[in-house]
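Presented below is the structure to which this report refers.
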Amino acid sequence: MPQDEKFVNWASLFINEINNGVADTCLSGISVIKNIHYTGVTQAACDLLRSVDSGGVPAFITSNLIEIARENGIEVIDHWTPNEII
0 MPQDEKFVNW
10 ASLFINEINN
20 GVADTCLSGI
30 SVIKNIHYTG
40 VTQAACDLLR
50 SVDSGGVPAF
60 ITSNLIEIAR
70 ENGIEVIDHW
80 TPNEII
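Everything in the sequence shown is counted per numbering that gives the first Met the number 0, starting at 0 for the first residue and increasing by one.
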């Protein structure tokens, strides 16, 4: 499956979770995700995404972050930031 399709599949699952009431909307307009279950990605990616959902975006790119991306069909480009990888 091409990486664009993987992202579309992940994004549609995320949007479905929000539409199904899994997210509470804060006054600031930011959604807080509760009990979200990531599918179609590895366990390491799930753990990373949960960390990011809690406000833990990596400050720099590590070999572990690159490995998680590659295991999930994302080929990292040299100039990407951690946010772009995630």
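Ideal placement from N, C-alpha and C gives every residue a C-beta, glycine not left out.
With at least 16 other beta carbons inside 10 angstroms of its own, Val40 counts as buried. Runs of alpha helix (DSSP H) with 4 or more residues, each lying fully within the region 36-63, are found at 42-52, listed in chain order. Taken through DSSP and simplified to helix, strand or coil, Ile85 comes out as coil. In terms of Cβ geometry, Ile84 and Val56 do not form a close pair [threshold 8 angstroms].
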